[in-house]
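Asker:
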Amino acid sequence: RTVLDRLKGTVQVISNPGKGTTIQLRAPLTLASIQTLLFRVGGRLFAVPISSVVEITRVSGEEIHRVDQREVLRLRDQVLTLVRLNRLQGIHAVDFAKASKRNFVIVIGAAEKRFGLLVDQLVGEEELVIKALPADIVASDLVS
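Just so we're aligned: 246 in this note's numbering is position 117 of the sequence shown, and the numbers increase by one with no gaps anywhere.
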């Protein structure tokens, strides 16, 4: 545990009575290569790991509803919370409520939870190399 703490890693213990115990050790990589799905929102390019993509579907503005101040989409037997990156990033994007055409929703699965990303355009798949920032940059107040 001490070594993982120094590496800024984590230890997670999950016990299920009668089924067993799972111990997850996570350590940051200094260099990693991952397959990603590239997409655009408001002209900006974004990427998500392919392993997190459950499916991609198309929706029209009429299929998007508001429940408890959140936008949701009913996809088969599941209600998905929708996330608009343009609102989080403060960028201009397609107004899905007024759009007459069908637009893309990338369904992201994280553990047992799923949500949908509303995107303007799918670009394709690409392998990205991720490298950790040097310690002096990470320690800067200008980087979060």
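Note that CB positions come from ideal geometry on N, CA and C, so glycine has one too.
Quick check: what's the CA-CA separation for residue 168 versus residue 178?
Answerer: So the two alpha carbons sit approximately 12 Å from each other.
Asker: Specify, as a first and last residue, the run of the beta strand (DSSP E) that residue 260 falls within.
Answerer: Taken as a continuous stretch (DSSP letters only), the beta strand (DSSP E) holding residue 260 covers 250–260.
Asker: Going by beta carbon distance, what residues of the same chain come within less than 7 Å of residue 214, once the five residues before and after it are set aside?
Answerer: Excluding residues within five positions, the ones whose Cβ falls inside 7 Å are 170, 175 and 246.
Asker: Note the first and the last residue of the continuous beta strand (DSSP E) segment covering residue 239.
Answerer: First-last of the beta strand (DSSP E) with residue 239: 232–239.
Asker: What does residue 165 pair with, by DSSP beta-bridge criteria?
Answerer: Residue 165 is bridged to 178 and 255.
Asker: Taking the continuous beta strand (DSSP E) assigned at residue 199, which residues delimit it?
Answerer: Here the beta strand (DSSP E) through residue 199 covers 199–204.
Asker: Could you name the residues of the same chain whose beta carbon sits closer than 7 Å to that of residue 188, not counting the 5 residues immediately before and after it, in chain order?
Answerer: Cβ within range, chain order: 202, 231, 232 and 234.
Asker: For residue 184, which beta-bridge partners are listed by DSSP?
Answerer: DSSP, once it has assigned bridges, lists 236 as partnering residue 184.
Asker: Residue 165: buried (16+ other C-beta within 10 angstroms of its C-beta) or exposed?
Answerer: Buried is the call here.
Asker: Is residue 138 helix, strand or coil when you go by DSSP?
Answerer: Coil, per DSSP.
Asker: According to DSSP, simplified to helix, strand and coil, what is residue 171?
Answerer: Residue state, collapsed to three classes: coil.
Asker: Per the contact definition of three or more C-beta pairs closer than 8 Å, is the stretch 194–211 in contact with the stretch 237–253?
Answerer: As far as the Cβ criterion goes, the stretch 237–253 touches the stretch 194–211, which means the pair count is three or higher.
Asker: Give me the Cα-Cα distance between residue 243 and residue 237, rounded to the nearest whole angstrom.
Answerer: Their backbone Cα atoms lie some 6 Å apart in a straight line.
Asker: Within its chain, find whatever has a CB closer than 8 Å to the CB of residue 210; leave out the 5 residues flanking it on each side and keep chain order.
Answerer: Cβ within range, chain order: 199, 200, 201, 244 and 245.
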